[in-house]
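Accompanying notes for the structure given below.
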């Protein structure tokens, strides 16, 4: 399996699935390849008198190459969330968050400056506390990448979210990754999420990735809000299985 150089941190907090999302790959996993990602992220967000602390324990993401150029996706996030006002705990929850399912399809390969491209879409199933389905949200993303040099790659996403009760609309992500060796790589990243009230929330992210062997890799990173008070850190273990 080709070395994994993309760090795919996705934070699910406060009913906002795109609040802190990082770059998605521009190519689906290969046919009959099952990729299992176990991700745990700790985040802190402050706004005026309130503070939210969230821990995914963990998130499960399954990617399966059903065809040569098509990947199916299923995400089952489990989170623990604490909400404070004036430093006093208001509530604490430990629950399954919004289940996600979708697919990614390869559009074309990189050629003469034309970036490699994939189209990804995911549906979000929003449940009430009694597990009754409330509504379904949708995200569509165009995922692109360019190989700049033998060690340097530029990855970027453009997307839009269709959510009934969310404040987010379109988003963009740019990621620059550098191979330090055959087993280690590092990246820096910028994310921006526009909102319905025209506040553009920006994050800066950095991290490293270690390819343990052909089947396992481990990623670690942390993020800081540029124009809002948010911090998160976490890691992901990826297991690739040829079925």
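Numbering (our numbering), first residue to last: 35 to 277.
Virtual Cβ for every residue (Gly too), placed ideally from N, Cα, C.
Assuming residue i and residue j form a contact by the criterion Cβ under 8 Å, report the distance between their Cβ atoms to the nearest whole angstrom.
{"i": "residue 263", "j": "residue 81", "result": "7 Å"}
{"i": "residue 90", "j": "residue 113", "result": "5 Å"}
{"i": "residue 106", "j": "residue 100", "result": "5 Å"}
{"i": "residue 139", "j": "residue 62", "result": "7 Å"}
{"i": "residue 86", "j": "residue 115", "result": "7 Å"}
{"i": "residue 92", "j": "residue 79", "result": "Actually they are not in contact, since the Cβ atoms of residue 92 and residue 79 sit about 19 Å apart, beyond 8 Å."}
{"i": "residue 223", "j": "residue 242", "result": "Going by Cβ atoms, the distance from residue 223 to residue 242 rounds to 12 Å, so no, they are not a contact pair."}
Taking 7 Å as the cut-off, is the beta-carbon of residue i closer than that to any non-hydrogen atom of the ligand SAM?
{"i": "residue 174", "result": "The ligand content of the structure shown is nil, which means the ligand SAM is not present either."}
Residue i by DSSP, collapsed to three states: which one?
{"i": "residue 87", "result": "strand"}
{"i": "residue 104", "result": "strand"}
{"i": "residue 56", "result": "coil"}
{"i": "residue 99", "result": "strand"}
{"i": "residue 116", "result": "strand"}
{"i": "residue 206", "result": "strand"}
{"i": "residue 242", "result": "strand"}
{"i": "residue 65", "result": "coil"}
{"i": "residue 132", "result": "coil"}
{"i": "residue 111", "result": "strand"}
{"i": "residue 140", "result": "strand"}
{"i": "residue 74", "result": "strand"}
{"i": "residue 260", "result": "coil"}
If the criterion is Cβ atoms closer than 8 Å, does the pair residue i and residue j meet it?
{"i": "residue 133", "j": "residue 159", "result": "yes"}
{"i": "residue 257", "j": "residue 238", "result": "yes"}
{"i": "residue 261", "j": "residue 56", "result": "no"}
{"i": "residue 314", "j": "residue 211", "result": "As displayed, the chain neither begins before 35 nor continues past 277, which places residue 314 out of reach and without an answer."}
{"i": "residue 205", "j": "residue 180", "result": "no"}
{"i": "residue 272", "j": "residue 250", "result": "yes"}
{"i": "residue 161", "j": "residue 174", "result": "no"}
{"i": "residue 178", "j": "residue 150", "result": "yes"}
Would you report the Cα separation of residue i and residue j, rounded to the nearest angstrom?
{"i": "residue 191", "j": "residue 70", "result": "22 Å"}
{"i": "residue 217", "j": "residue 277", "result": "24 Å"}
{"i": "residue 284", "j": "residue 213", "result": "What is shown of the chain runs 35 to 277, which leaves residue 284 out entirely."}
{"i": "residue 231", "j": "residue 59", "result": "29 Å"}
{"i": "residue 253", "j": "residue 166", "result": "35 Å"}
{"i": "residue 77", "j": "residue 255", "result": "12 Å"}
{"i": "residue 245", "j": "residue 269", "result": "13 Å"}
{"i": "residue 148", "j": "residue 117", "result": "46 Å"}
{"i": "residue 146", "j": "residue 131", "result": "42 Å"}
{"i": "residue 75", "j": "residue 143", "result": "32 Å"}
{"i": "residue 98", "j": "residue 141", "result": "17 Å"}
{"i": "residue 65", "j": "residue 104", "result": "8 Å"}
**OP:** Starting from the N-terminal side, write out each stretch of the beta strand (DSSP E) that is 3 residues or longer and does not extend beyond the region 151-186.
**Re:** 167-181
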